[in-house]
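Single-structure report; data block below.
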Amino acid sequence: MAYYRQVGEVPRQRHTQLRDAAGALLREELMGEEGFSSDSSLLYHRGVPSAITAAETWELPDQGLAPNHPLLPRHLRLHELQTGTDAVTDRRLLLGNADVRIGYVRTGGPESATGLYRNATGDECVYVESGSGTVETVFGVLAYRTGDYVVIPRATTHRWVPAEASRLYVIEANGHIAPPKRYLSRYGQLLEHAPYCERDLHGPTEVHLAAPTESTVQGTGESTGVDVLVKHRVGGRVVGTRYTHATHPFDVVGWDGCLYPYTLNIADFMPITGKVHQPPPVHQVFEGRNFVVCNFVPRKVDYHELAVPVPYYHSNVDSDEVMFYVAGDYEARKGSGIGLGSISLHPGGHAHGPQPEAIEASLGAEAFDETAVMVDTFAPLELGEGGLAVEDPDYAWTWAQGGQ
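Just so you know, this note's numbering puts 253 at position 227 of the sequence shown, and the rest follows in order with no gaps.
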């Protein structure tokens, strides 16, 4: 995100001394992507960010994946999925490949605040299906609400603090997530044809003025250090390590740069429409390595006198398509069993499109009231244990049954 921000106290020039009121020298940390060749920020710590006193294995929830074989379109009913209430440790894996993993969790209220966590495998983009709260980060605090995408850069230490029960749809990259390059100027500004702009992106506005106590995070009251759960990769596998830090990571007095967490609400996305049906790339909101994220929002639809508003049948020969239906009334899927809280997986090699009767029913429509989040991957997706637990076994045959 090449959009500069400064929060808190920083020295006039980078890599120069900054001291606190007592004269103690603060520690500068560069957090940057692609070595020293892409976006970065400079953070100024009271403590030593590298100082750990212990490390042990953190056993992750089941990360196993099963092939989509025989090759089938799938329907997953997420609202039937049982999860614990911790936004990190109770995530259940729905779908995944080497580039991206998709999970889901239903949190509790304030009592379910998580411990500190960082994902060292890649950026996270968490869509808030419902609920509100805050995400406390080393950069400061982000508020979240229903409809927000919460984008958290790789290796950002953070914790989720729900204000109320929240449903979170989690997209974990094995790399970075950013606005599509075609939306950006050569210097990184979002262009006029982009469906959102910098005003719609909300980053932290202040740092933590004092580090939380160990008891806030650990629930023990003992001054034994601060635990941080770290997700990372070993030999292609996703694994976990529990670090104990000597000082609290939220001891940052200020930072500046172009790398930081932010939110974008789906209601601020400006849909692009046309005279005839527009293809999914016009709905794109983010891109990652070998996948894209799109969203479908309430909008006016095609205005050609003979237009067919619902999608045409299409074969995604190079990608798998995952659609999460979150609000409204999705016209193309009527009669399929899909409803709010559903996920559809349409794999490459399978031609898919609207239910047959939905085509005639859509003719003459002037607007669609629907909200959905789509992930298209450029490598086949496999099924996680959470996805298998809530699969609708009848979905693959609904086109042949006339959608009944």
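Positions of the beta carbon are idealized from the N, C-alpha and C atoms, including for glycine.
Using 8 Å for Cβ pairs, my map puts residue i next to residue j. What's the rounded Cβ distance?
i, j, result
"residue 412", "residue 119", "5 Å"
"residue 33", "residue 233", "6 Å"
"residue 310", "residue 206", "5 Å"
"residue 141", "residue 180", "With a Cβ gap of about 19 Å, residue 141 and residue 180 do not count as contacting."
"residue 371", "residue 346", "7 Å"
"residue 339", "residue 378", "7 Å"
"residue 314", "residue 219", "That pair is no contact at about 21 Å."
"residue 198", "residue 150", "5 Å"
"residue 204", "residue 62", "Contact flag wrong, Cβ pair sits at about 18 Å."
"residue 327", "residue 393", "6 Å"
"residue 170", "residue 176", "5 Å"
"residue 29", "residue 214", "7 Å"
Given a cut-off of 8 Å on the beta-carbon distance, is the pair residue i and residue j in contact?
i, j, result
"residue 399", "residue 316", "no"
"residue 396", "residue 324", "yes"
"residue 332", "residue 121", "no"
"residue 348", "residue 71", "no"
"residue 148", "residue 200", "yes"
"residue 388", "residue 334", "yes"
"residue 217", "residue 210", "yes"
"residue 283", "residue 68", "yes"
"residue 6", "residue 298", "Look at the range of the chain in this structure, 27 to 430, and you will see that residue 6 is not part of it."
"residue 102", "residue 417", "yes"
"residue 172", "residue 154", "yes"
"residue 168", "residue 267", "no"
"residue 117", "residue 196", "yes"
"residue 336", "residue 380", "yes"
"residue 144", "residue 182", "yes"
"residue 73", "residue 65", "no"
"residue 306", "residue 123", "no"
"residue 258", "residue 113", "no"
"residue 373", "residue 97", "yes"
"residue 164", "residue 275", "yes"
"residue 89", "residue 264", "yes"
"residue 41", "residue 60", "no"
"residue 174", "residue 291", "yes"
"residue 425", "residue 382", "yes"
Give me whichever residues DSSP pairs with residue i in a beta bridge.
i, result
"residue 32", "282"
"residue 392", "Partner(s): none; residue 392 has no beta bridge."
"residue 152", "176, 196"
"residue 259", "264"
"residue 289", "176, 228"
"residue 271", "78, 252"
"residue 158", "Per DSSP, none; premise fails for residue 158."
"residue 188", "159"
"residue 402", "318, 347"
"residue 369", "102, 350"
"residue 397", "353"
"residue 170", "159"
"residue 378", "340"
"residue 410", "91"
"residue 55", "69"
"residue 417", "102"
"residue 38", "None; residue 38 has no bridge partner."
From the beta carbon of residue i, is the nearest beta carbon of chain C less than 8 Å away?
i, result
"residue 270", "In the structure shown, chain C does not exist; there is a single protein chain."
Tell me the start and end of each unbroken beta strand (DSSP E) in the segment 64-143 that is at least 3 residues and wholly inside, in chain order. 66-71, 78-84, 100-103, 118-122, 126-132
Cβ pair count under 8 Å reaching 3, the segment 252-266 against the segment 70-89: yes
Does the structure place the segment 153-168 close enough to the segment 181-195 that three or more beta carbon pairs sit under 8 Å? yes
Taking only runs of the alpha helix (DSSP H) that begin and end inside the segment 192-236, which ones reach a length of at least 4 residues, in chain order? none
Minimum length 3: unbroken beta strand (DSSP E) runs contained in the segment 297-360: 310-314, 317-322, 346-354
Does the structure place the segment 267-277 close enough to the segment 355-370 that three or more beta carbon pairs sit under 8 Å? no
Does the pairing of the segment 123-132 with the segment 105-114 give three or more beta-carbon distances under 8 Å? yes
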